[in-house]
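Under full-length UniProt numbering, the letters of the sequence shown match residues 1 to 257, in that order. No residue lacks a Cβ here, since even glycine has one placed at the ideal position from N, Cα and C. Presented below is the structure to which this report refers.
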Amino acid sequence: MRLAASLSAQSVDRMSDETAGDPRGRGMWAVVAGSTGGIGREAALRLAEDGYSVVVCGRDGDGAEETRKLIEWAGGRAVDVVADLGDSAAVRGLIAETVGLLDGAPVEVLVNNAGETGCGPVDDVFDTVFALNVKLPLLLTAAFAPAMAEHGRGAIVNVGSSGTVTGASGRSVVQAATSALVMLTRLWTAEYGPRGVRVNSVDVGGAHAARLSGPSAVAEAIRFLVSPRAASIQGAVLTMNEGELAVAGCRWPTAST
Numbered sequence: 001m002r003l004a005a006s007l008s009a010q011s012v013d014r015m016s017d018e019t020a021g022d023p024r025g026r027g028m029w030a031v032v033a034g035s036t037g038g039i040g041r042e043a044a045l046r047l048a049e050d051g052y053s054v055v056v057c058g059r060d061g062d063g064a065e066e067t068r069k070l071i072e073w074a075g076g077r078a079v080d081v082v083a084d085l086g087d088s089a090a091v092r093g094l095i096a097e098t099v100g101l102l103d104g105a106p107v108e109v110l111v112n113n114a115g116e117t118g119c120g121p122v123d124d125v126f127d128t129v130f131a132l133n134v135k136l137p138l139l140l141t142a143a144f145a146p147a148m149a150e151h152g153r154g155a156i157v158n159v160g161s162s163g164t165v166t167g168a169s170g171r172s173v174v175q176a177a178t179s180a181l182v183m184l185t186r187l188w189t190a191e192y193g194p195r196g197v198r199v200n201s202v203d204v205g206g207a208h209a210a211r212l213s214g215p216s217a218v219a220e221a222i223r224f225l226v227s228p229r230a231a232s233i234q235g236a237v238l239t240m241n242e243g244e245l246a247v248a249g250c251r252w253p254t255a256s257t
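Have a look at this one:
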């Protein structure tokens, strides 16, 4: 297991929890899995802009450090914890390290973003795909959601693909895993929703959507779902695919038109 953590001296100071205003006043943290680049990094930056201190985590040590530094350069606070998110023992180590670094400070937001979309023979891809898309969210949610419920507030956003509505040849393992994540979104809503924890999913899919929306647009959706503006949204699946599931056979405009 490769596990490392880096934080500045001020990052270990407990913030006061005396006000119920923005996350800065509450001393709240957001854990963003898979935030060493792409959607996860963009989400981490936006949550930091909104006042959350951010736990940056993923397997890419250089990427994690870069995300942390970007947050700190913008005046935010972050720690980075590096681990192989597809390895259960490493994930448990990451959780223990995170809890130690936060020294009892509450986690209010969890973004389960570290997914695997690889396709191939079942024996080649099943373990990795399900470890990252299903078991990792299970482990992280089990670690942080109960405390959110105890405090009576929190938000969890699961990020998957839009392959939960229509099938695609050669993607049975990935789509099965993503479908499981959608069901977990609903199950966690039933389990934690009555105690103040909102759980929602953002499903991204389609080449057109990836080209036009990109990480920034998905990160904005995550930002919205964890914000007070989405207080009435529970157990929802926000599909970002530029309407490709709604209109069959439509020829979408290219980015240049």
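(message) Below 8 Å on the Cβ atoms is my contact criterion, and I expect S161 with V182 to pass it. Report the Cβ-Cβ distance as a whole number of Å.
(response) One-based indexing of the sequence shown puts residue 161 at position 161. One-based indexing of the sequence shown puts residue 182 at position 182. About 10 Å separates the beta carbons of S161 and V182, which is beyond the 8 Å limit, so they are not a contact pair.
(request) Please name the residue in V129, R153 and L70 whose C-alpha comes closest to that of D87. (result) Counting from 1 along the sequence shown, the entry for residue 87 is found at position 87. Closest option to D87, judged by alpha-carbon separation, among V129, R153 and L70: V129.
(message) DSSP three-state label for A74, please.
(response) Residue mapping note: residue 74 aligns to position 74 of the sequence shown, counting from 1. Looking at A74 - three-state DSSP - the assignment turns out to be coil, as it is neither helix nor strand.
(request) Please report how far the alpha carbon of V122 lies from the alpha carbon of G75, in whole angstroms. (result) As a first step, residue 122 is located in the sequence shown; it is residue number 122 there, counting from the start. As a first step, residue 75 is located in the sequence shown; it is residue number 75 there, counting from the start. Taking the CA atoms as reference points, V122 sits about 45 Å from G75.
(message) Going residue by residue through the stretch 44-131, where are the continuous beta strand (DSSP E) segments of at least 3 residues, counting only ones entirely within it?
(response) If you keep only unbroken beta strand (DSSP E) runs of at least 3 residues inside the stretch 44-131, you get 53-58, 78-82 and 107-112.
(request) Could you pull out every residue in the same chain whose Cβ sits closer than 6 Å to the Cβ of V107, ignoring the five residues on either side in sequence? (result) The sequence position of residue 107 within the sequence shown is 107, counting from 1. So the list reads W29, V31 and F144, once near-sequence residues are dropped.
(message) Would L85 and R46 qualify as a contact pair, given that the criterion is a beta-carbon distance under 8 Å?
(response) For the purposes of this step, residue 85 is identified with residue 85 of the sequence shown, where counting begins at 1. For the purposes of this step, residue 46 is identified with residue 46 of the sequence shown, where counting begins at 1. Cβ atoms of L85 and R46: not closer than 8 Å.
(message) Can you give me the C-alpha to C-alpha distance between M240 and A217, rounded to a whole angstrom?
(response) Here residue 240 is taken as the residue at index 240 of the sequence shown, counted from 1. Here residue 217 is taken as the residue at index 217 of the sequence shown, counted from 1. Near 9 Å, if we compare the C-alpha coordinates of A217 and M240.
(request) Assign S232 to buried or exposed, taking buried as 16 or more other Cβ atoms, counted over all protein chains shown, within 10 Å of its Cβ. (result) For the purposes of this step, residue 232 is taken as the residue at position 232 of the sequence shown. Classification for S232: exposed.
(message) Buried or exposed for E150, going by 16 or more other Cβ atoms inside 10 Å?
(response) Here residue 150 corresponds to residue number 150 of the sequence shown, with the count starting at 1. With fewer than 16 other Cβ atoms within 10 Å, it is exposed.
(message) Between which two residues does the alpha helix (DSSP H) holding M183 run?
(response) Against the sequence shown, residue 183 aligns to sequence position 183. Note, M183: alpha helix (DSSP H), S172 to Y192.
(message) Going by beta-carbon coordinates alone, are N112 and A48 separated by less than 8 Å?
(response) Indexing the sequence shown from 1 puts residue 112 at position 112. Indexing the sequence shown from 1 puts residue 48 at position 48. No, the Cβ-Cβ distance between N112 and A48 is not below 8 Å.
(request) Could you have a look at N241 and say whether DSSP puts it in helix, strand or coil? (result) As a first step, residue 241 is located in the sequence shown; it is residue number 241 there, counting from the start. For N241, the three-state secondary structure derived from DSSP is coil.
(message) By the three-class DSSP mapping on this structure, what secondary structure does A231 have?
(response) As a working note, residue 231 is residue 231 in the sequence shown. A231 sits in coil when the DSSP states are folded into three classes, being neither helix nor strand.
(message) With distance defined between alpha-carbon atoms, name the residue in R229, Q234, V174 and Y52 nearest to F126.
(response) Here residue 126 refers to the residue found at position 126 of the sequence shown. That would be V174, whose Cα lies nearest to the Cα of F126.
(request) Could you spell out where the beta strand (DSSP E) holding V197 opens and where it closes? (result) Residue numbering aside, residue 197 sits at position 197 when the sequence shown is read from its first letter. Taken as a continuous stretch (DSSP letters only), the beta strand (DSSP E) holding V197 covers V197 to V204.
(message) DSSP three-state label for A155, please.
(response) Here residue 155 corresponds to residue number 155 of the sequence shown, with the count starting at 1. Correct three-state label for A155: strand.
(request) Count the other CB atoms, across all protein chains shown, that sit within 10 Å of the CB of R223; report buried if there are 16 or more and exposed otherwise. (result) Translated into the one-based positions of the sequence shown, residue 223 becomes position 223. Buried: at least 16 other Cβ atoms inside 10 Å.
(request) Find the nearest neighbour of E97 within the set G63, L225 and V55, judged by alpha-carbon distance. (result) Taking the first residue of the sequence shown as 1, we reach residue 97 at position 97. Answer by Cα proximity: V55.
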